[in-house]
Structures are given as structure tokens and as C-alpha cells.
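> Once you've had a glance at the structure underneath, I'll fire off some questions.
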Amino acid sequence: MNKLVLVVACFLFTIGCKEKKELVIDPPNFVWLMSEDNSKHYLKLFDEHGIATPNIEKLAENGLIYSRAFSNAPVCSVARTTLATSCYGPRIGTQFHRKSSVVPMPDSLQMFPAYLREAGYYTVNNSKTDYNAESGNEVWDESSKKAHWRNRKEGQPFFSQITYTDSHESRLHFDRELMDTYKPTIDPDSVFVNPNHPDTETFRFTNAYYRDKMLKNDEFVAGVMKELEEDGLLENTFVFYFGDHGGVLPGSKGYLYETGLHIPLVVRIPEKYRDLVGIDVGSTVGNFVSFIDFGPTLLALAGLQVPEGMDGKPFLGKNVDQEALKKKDVTFGYADRFDEKYDLVRSVRKGKYKYLRNYQPFNPDGLYNVYRYKSLAYQEWHDLYHKGTLNEVQKHFFEPREAEQLFDVEADPYETKNLANDPAYYDKVVALRELLTEWVKGMPDLSFYPESELGKGAFQNPVAFGQKNKTEIAELIDISDLSLLTFDEASPAIKEALTSDNPMKKYWALIVYSSFGQEAGLFYQDAKMLTKDENLLVRTRAAEFLALTGQEDPKQVIVETLAASNNGMESLLMLNTVVLLMDGEYQYRFDIDEKQLSEKVLENEWVKRRMEYILARQGGLL
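Add 808 to the 1-based position in the sequence shown for this note's numbering, that's all there is to it.
Below is the structure:
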């Protein structure tokens, strides 16, 4: 109990009374109420098109509304690992969903609840973890569906994390029968449909149905608040309500748009601890907060030091300068592999401007992903695209993207108008490009190596690997950014990279060729030679470029390359190329048979999922 005494000592402070006595204030409790897969857009408290949630609104009356709170990643395991570690995923090797390897925590760093536990807190999680890093036995006293603060020792402070699961994406995997029998609270005919979505019965019903999940979510919040009140704990407990990332309609979860990252956040402030906060309750706070900041905030409120090695900073606590925080207007985001679908996108939002860097812009957002496409809305959106009935904004999801995108998210909240090529925004693009490049190089960002390469040794100690290879990662980023120049400006450096002894430089040079598309078609021979490279992924990227520019059927090269691979994650990246080329402009046929893949590769869960789709497409079933 000595550690607990230390925590209590941290809460000795002077109350402004005539005697100026020092009073002992008990260490606060913390409750996190997380709802899965919902961005701020579904709650009226945050968005005019949301639904009223009276219990969450009641929290806000006695607390703070954070109008600019963000997940750093738009999908569960990556977002939750960011929350638990307070570290950027691409820096510590936790950026892939779902993990191919569980990576160790950075040296000397623990997940933040472990520090609360060391200080005497009872830490409980009910019940989802889904971490991409090793948590160890130090994080939770209890993590299960039965975990509850009531299981602690009498008088012991606690941190309780509780997840509401009925707002999860899977709840939108309903069939037509539900649409015929279920009547949503909101009339689907009156619901708001995002401008990038087709205005159809399916999308209207899905919108209305999901808002009903927000009503159930509100009841969940009320239930936990009632338990705290029954236990006499309400005025000793900070309650945070937030979404575990954005979602959940098509094009949100899994994507770095505001609908994938911008979360609702309300923090209820107990009256006895308001001196720790320095903001009047009932206020709306406009400074930016991100998931990397949540753990450090709890440590600061508990009177504990934030360990070195965490990327986040506290936004509440006795020594937090709220005036300085008002100037904080930057958040970063990352999107990599989601299940079997590969991509590499980074984002920075500064103030009202959002900059996205699509490092492989030839991959459309709508590249097939089995889990996403279980939703009727996804299926219908896809079908309407192929029928040619969508407008320019609606069909963009299924087409190659720009390497750079810039959005004014206040004027254009659904990010439909790319300003990156508008001369009037040139300075803004350059400034945000430089800010993002400084970030990815500074981490450094491990995703500039393919996941299969990281699996050969980096995942044993990702942070050490990143520091050892920081110079090379910066060089790979510079090669990738050649796609932002004119082709004439970029050509000499691309050709230099193509002749490098470093396969990763050749790999990225070929990606840049594909980013330029037809403009790079004159360099057929450069790519043709590399279809016989020793590195299987270099071969694949060379065949991909030739196929995307319509110069050569990629079938033979890619089938032979798949047959030569014994690495599941390497083969998965190749199969990502297969799906891209099957579903793209030239509709290539591959006639791939599972017998052509090694038994070891076929053990990979995501390879199996990709192959199911490929075989169905080849058989004319999709």
C-alpha cells in the first residue's frame, strides 16, 4: 500500500480558503467508456446530422466537450494499441491490422495502465484488448467480461475501461429481410446521406439503423453512470466517453478521412477535482487531442510522471498549461494493411486543412476487402459504380487517387474537393507536405519496408530497427516523394534508384513509376528487366507497372513469383496486386490455382481470404 500513499501525496494541494490549509484529496478514479466504430458524425452533440444522446449530453453538462478529438488510426487493433501505448504505430511496429506478429513494447516502456497499477490503482478492462504489442501481465488486474471495479480492495482507486460493442461494423452486416422488418427510430427518408454516397434506400436505411445503435450506446453510458452513483463513486471519478475510432458507413472505418478519424469525446469532471482541470465545466474545447495523448492525460491526473518514450502529451492535469494547449492544432494519422487489403496512407490535419499522402495512389480506396463488403451498402455502392450510375464524387472511391490530397474540412467536411492542385493553395500544400515528411522521417516510419521484410527481423525490436535504419528509411521516403515532382524532374533520380543494389530502392522506384502511370510508359525496358530481379517483390512491382500502363500482361511473371514465395505476408502483397489488376481498367485474368502456392503460404489466414475472392472472380461468381 506504500505506492498508494505516494499517489495520495501527489494530491496534497492548497484549497483557496482563509486558513490556506493543505487537505488530503483522494486520488481520482477513471472510467473509459468506448463505443466501437463510430465517428463524431452520428451524435447531435457533435454534428447537426447526428441523433440526440441525452445521457452523453448530461455528461457534457458536468464536463468538457472536445470538438477536435482524433484517433490516429481508423481501425480497431491499431487504434487500441495506440491508446494503450501512447505511441505512433508506424514507429513501434503496431500499424498493421490484423497483426502478422505481436511486437514487444519499446525498451523500458509499458502500456500506460501498468503505471497506474504500480501506483496502487486497480486496473480492469471489460473486455476488448486487440493489441498488436505484447501487453504482459502488468497492465490489467483483470481483463474479462466479468471485470469490474467492484472487485477491487476497499478504498482502492481504479481505472476501468469498458467497451460498448453493439455499434461495431459487423452490426451492419444485415440482410434484406431486416430492411423489410425493422423500423428505425429516424425515418430513413429524412436521414442525411453523405455526398460521396449514392442516395438510395439501402444507404438511407443503413444511416438510420446505425443511429439507433447510438441510442443503445447512450443507454450503455447511462447504465455505467448509474452503477457509479449507486456505489457513491460519481464525485470521485473522471468519466471519459469516446469512440474507439471512426466509422462505420462505407469509406470511413479503415480510411484516413474525417469519418474514419474524428471521434466524439466527452470528459465528465468531478467537482472536487476541477482545480486539476482549469477549464469551466460545460465548455467546448477546441484544441486538438489524439489517442497518443489519452494515456499521458490519465497519468497526469493521477499525479504521475509521463514516461519518456511516449509520443503523447497530457491535455488535462494540475500542471498542464491550458492556454498553451489552445494553440495545439495538429494531428497525424496512419493507414496500412487492413485484413487482406494493403495500402499506405499518411495524413496530417492542421487547423481546418487536412493533407493526405497516398504513397500508392493507384490503389483505389474501394479495393476489395471481404469483411468490408459484407455490408449491403458497400455491395450496392460497388455495383452502382460498375453500372456507371454514380456521379464524379461518388465514384472516386473506386478509382485511382491523387498522390496528394488537400481538403478544407470546415467548408468540405466529407472531403470531396481536392485542393492540392489549385494554385491558390500551393503554399498550404507545401507546408503540410513538409510537416508530414518531417513526421514520417522523424519516427522513423517502418512502413517504407514491406511488412514481409519487417517480419524477417524488425519485429523483434521495431524501435531499435527503425533507429538503426533511419537514414535508409529517409532515403526511401525521398524516392517515394519523387512522384510529387513532374515526371521530367523525377526521371533521373528514379532511374538511379532502379539501378541501385538496394532492392527496397528499386521497389519504391517502381511504385513511383506506377504512380505516374502512362506518363512513365516510355520506360518499359527499365521495368521489363526488373521482372527477373532476385527480389520477388521487386519483380511483382515491375509487372504491376507494366500492367497498369497496359504494356504487358502480368500473368506469367506474377504466377511464377507467387509459386517461388514461401512467405505468407510477401505472397499477400503480391495477391493485393492481383486483385488490383483483375478489378482495374484492363481486367486481367490470372487463372491462379491454390496448388501454385506453397503449403506454408496457404496457412496464412489473409492469403486464404484473398484467394477466396480471386477464385470467385475467376469463376464468374463475383
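Quick reminder that beta carbons are idealized off the backbone N, C-alpha and C, glycines included. Keep in mind it's a predicted model, so treat the numbers as computed, not measured.
Between the C-alpha atoms of Asn-1384 and Asp-1334, what's the straight-line distance to the nearest angstrom?
Counted from its first residue, the sequence shown places residue 1384 at position 576. Counted from its first residue, the sequence shown places residue 1334 at position 526. CA-CA distance, Asn-1384 to Asp-1334, rounds to 23 Å.
> DSSP on Ile-864, reduced to helix/strand/coil?
Residue numbering aside, residue 864 sits at position 56 when the sequence shown is read from its first letter. The answer is helix: DSSP assigns Ile-864 an H, G or I state.
> Do you know how far the Cα of Asn-1374 is from the Cα of Ile-1400?
To locate residue 1400, count along the sequence shown from 1; it is residue 592. To locate residue 1374, count along the sequence shown from 1; it is residue 566. When rounded, the distance between both Cα atoms is 16 Å.
> Quick check for students: name the residue ranges of the alpha helix (DSSP H) that lie wholly in the region 1347-1394, counting only runs of 4 or more.
1363-1372 and 1376-1391
> Measure the C-alpha to C-alpha separation of Gly-1263 and Phe-967 and round it to an integer number of angstroms.
Walking along the sequence shown from the start, residue 1263 turns up at place 455. Walking along the sequence shown from the start, residue 967 turns up at place 159. Taking the straight line joining both Cα atoms gives about 35 Å.
> Can you name the start and end residues of the beta strand (DSSP E) that Arg-1434 belongs to?
Given that the chain is displayed from residue 809 to residue 1430, the structure contains no residue 1434 and the question cannot be resolved.
> Between which residues of its own chain and Lys-1024 is the CB-CB distance below 7 Å, once the five residues before and five after are set aside?
Counting from 1 along the sequence shown, the entry for residue 1024 is found at position 216. Same-chain partners within the cutoff: Asp-974.
> Could you pull out every unbroken alpha helix (DSSP H) segment of at least 4 residues lying fully inside the region 1101-1162, listed in chain order?
1130-1133
> Among the candidates Glu-1304, Phe-1353, Val-1097 and Val-1346, whose CA atom is the shortest distance from the CA of Glu-1327?
Stepping through the sequence shown from its first residue, residue 1327 is reached at position 519. Checked all of Glu-1304, Phe-1353, Val-1097 and Val-1346; the closest Cα to Glu-1327 is Phe-1353.
> Are the CB atoms of Arg-1076 and Asn-870 nearer to each other than 8 Å?
Stepping through the sequence shown from its first residue, residue 1076 is reached at position 268. Stepping through the sequence shown from its first residue, residue 870 is reached at position 62. Yes.
> Roughly how far, in whole angstroms, is the beta-carbon of Met-1251 from the beta-carbon of Pro-882, given that I think they are within contact range, below 8 Å?
The count along the sequence shown starts at 1 and reaches residue 1251 at position 443. The count along the sequence shown starts at 1 and reaches residue 882 at position 74. Actually they are not in contact, since the Cβ atoms of Met-1251 and Pro-882 sit about 18 Å apart, beyond 8 Å.
> Work out the CA separation of Ala-1143 and Lys-811 for me, nearest whole Å.
Taking the sequence shown and counting its residues from 1, one reaches residue 811 at position 3. Taking the sequence shown and counting its residues from 1, one reaches residue 1143 at position 335. Below a pLDDT of 50, predicted positions are generally treated as unreliable, and Lys-811, at 45, falls in that range; no measurement from the model is reported.
> How do the region 1149-1157 and the region 949-956 stand: do at least 3 beta-carbon pairs fall below 8 Å, yes or no?
no
> Classify Ile-859 as helix, strand or coil using the three-state DSSP reduction.
Here residue 859 is taken as the residue at index 51 of the sequence shown, counted from 1. Residue state, collapsed to three classes: strand.
> Straight-line CA distance for Glu-926 to Leu-1064?
Residue mapping note: residue 926 aligns to position 118 of the sequence shown, counting from 1. Residue mapping note: residue 1064 aligns to position 256 of the sequence shown, counting from 1. Between Glu-926 and Leu-1064, the C-alpha separation is close to 36 Å.
> Can you tell me whether Pro-1172 is helix, strand or coil according to DSSP?
As a position in the sequence shown, residue 1172 is number 364, starting the count at 1. Reduced to three states, the DSSP call for Pro-1172 is coil.
> Specify whether the region 1161-1178 and the region 1089-1109 touch according to this definition: at least 3 beta carbon pairs, one from each stretch, less than 8 Å apart.
no
> By the DSSP assignment, the beta strand (DSSP E) with Gly-1086 in it spans what residues?
Looking up residue 1086 in the sequence shown gives position 278. No beta strand (DSSP E) holds Gly-1086; DSSP gives it neither H nor E.
> Rounded to whole angstroms, what's the CA-CA distance from Gly-1358 to Gln-1364? Just pull it up for me.
For the purposes of this step, residue 1358 is identified with residue 550 of the sequence shown, where counting begins at 1. For the purposes of this step, residue 1364 is identified with residue 556 of the sequence shown, where counting begins at 1. Going by the C-alpha atoms only, they are around 15 Å apart.
> Looking at Arg-1349 and Val-1387, is the spacing between their C-beta atoms short of 8 Å?
The residue you call residue 1387 lines up with position 579 of the sequence shown. The residue you call residue 1349 lines up with position 541 of the sequence shown. No, the Cβ-Cβ distance between Val-1387 and Arg-1349 is not below 8 Å.
> Candidates Phe-1140, Leu-1084, Val-1238 and Ser-1260: which alpha carbon is nearest Asp-1289's?
Position 481 of the sequence shown, counted from the first residue, corresponds to residue 1289. The shortest Cα separation from Asp-1289 among Phe-1140, Leu-1084, Val-1238 and Ser-1260 belongs to Val-1238.
> Under the three-state reduction of DSSP, which class applies to Ser-1308: helix, strand or coil?
As a working note, residue 1308 is residue 500 in the sequence shown. Here DSSP, grouped into helix, strand and coil, assigns Ser-1308 to coil.
> List the residues that DSSP assigns as beta-bridge partners of Glu-950.
As a first step, residue 950 is located in the sequence shown; it is residue number 142 there, counting from the start. In DSSP, Glu-950 forms a bridge with Val-932.
> With DSSP collapsed to three states, give me the class of Glu-1009.
Along the sequence shown, one-based indexing puts residue 1009 at 201. Three-state result, Glu-1009: helix.
> CB-CB under 8 Å to Tyr-1233, same chain, minus the five flanking residues each way: which ones, in chain order?
To locate residue 1233, count along the sequence shown from 1; it is residue 425. Excluding positions up to five away in sequence, the list reads Leu-1214 and Leu-1227.
> Distance check for Phe-1050 and Arg-980, CA to CA, integer angstroms please.
Translated into the one-based positions of the sequence shown, residue 980 becomes position 172. Translated into the one-based positions of the sequence shown, residue 1050 becomes position 242. Checking the sequence shown, residue 980 turns out to be Leu, not Arg. In this structure, the CA atom of Leu-980 is about 20 Å from the CA atom of Phe-1050.
> Measure the beta-carbon distance from Gly-1125 to Leu-1109 and round it to whole angstroms, keeping in mind my assumption that it falls under 8 Å.
In the sequence shown, counting from the first residue as 1, residue 1125 sits at position 317. In the sequence shown, counting from the first residue as 1, residue 1109 sits at position 301. Sure, about 5 Å apart at Cβ, within 8 Å.
> I need the straight-line Cα distance from Pro-1362 to Gln-1202, nearest angstrom please.
Stepping through the sequence shown from its first residue, residue 1362 is reached at position 554. Stepping through the sequence shown from its first residue, residue 1202 is reached at position 394. In a straight line, the C-alpha of Pro-1362 is about 30 Å away from that of Gln-1202.
> From Ala-1030 to Pro-1072, what distance separates their C-alpha atoms?
Against the sequence shown, residue 1030 aligns to sequence position 222. Against the sequence shown, residue 1072 aligns to sequence position 264. C-alpha separation (whole angstroms): 16 Å.
> Taking the alpha helix (DSSP H) that Asp-1235 belongs to, which residues open and close that run?
Residue 1235 sits at position 427 when you count from the first residue of the sequence shown. Per DSSP, Asp-1235 belongs to the alpha helix (DSSP H) from 1234-1250.
> Pull up the DSSP beta-bridge partners for Gln-1166, would you.
For the purposes of this step, residue 1166 is identified with residue 358 of the sequence shown, where counting begins at 1. Residue identity check: residue 1166 is Asn in the sequence provided, not Gln. The partner list for Asn-1166 (beta bridge, DSSP) reads Val-1153.
> Residue range of the beta strand (DSSP E) that Trp-1189 falls in?
By 1-based counting over the sequence shown, the position of residue 1189 is 381. Trp-1189 -> not in any beta strand (DSSP E); alpha helix (DSSP H) instead, spanning 1184-1195.
> Determine, using beta carbons only, whether Val-1248 and Ile-1285 come nearer to each other than 8 Å.
Position 440 of the sequence shown, counted from the start, is the residue given in the question as residue 1248. Position 477 of the sequence shown, counted from the start, is the residue given in the question as residue 1285. Contact: yes.
> Tell me where the beta strand (DSSP E) around Gln-969 begins and ends.
By 1-based counting over the sequence shown, the position of residue 969 is 161. Here the beta strand (DSSP E) through Gln-969 covers 966-972.
> Around the Cβ of Val-910, are there at least 16 other Cβ atoms within 10 angstroms (buried) or fewer (exposed)?
Position 102 of the sequence shown, counted from the first residue, corresponds to residue 910. With fewer than 16 Cβ atoms within 10 Å of its Cβ, Val-910 is classed as exposed.
> Does DSSP classify Pro-1072 as helix, strand or coil?
Position 264 of the sequence shown holds residue 1072. Strand at Pro-1072.
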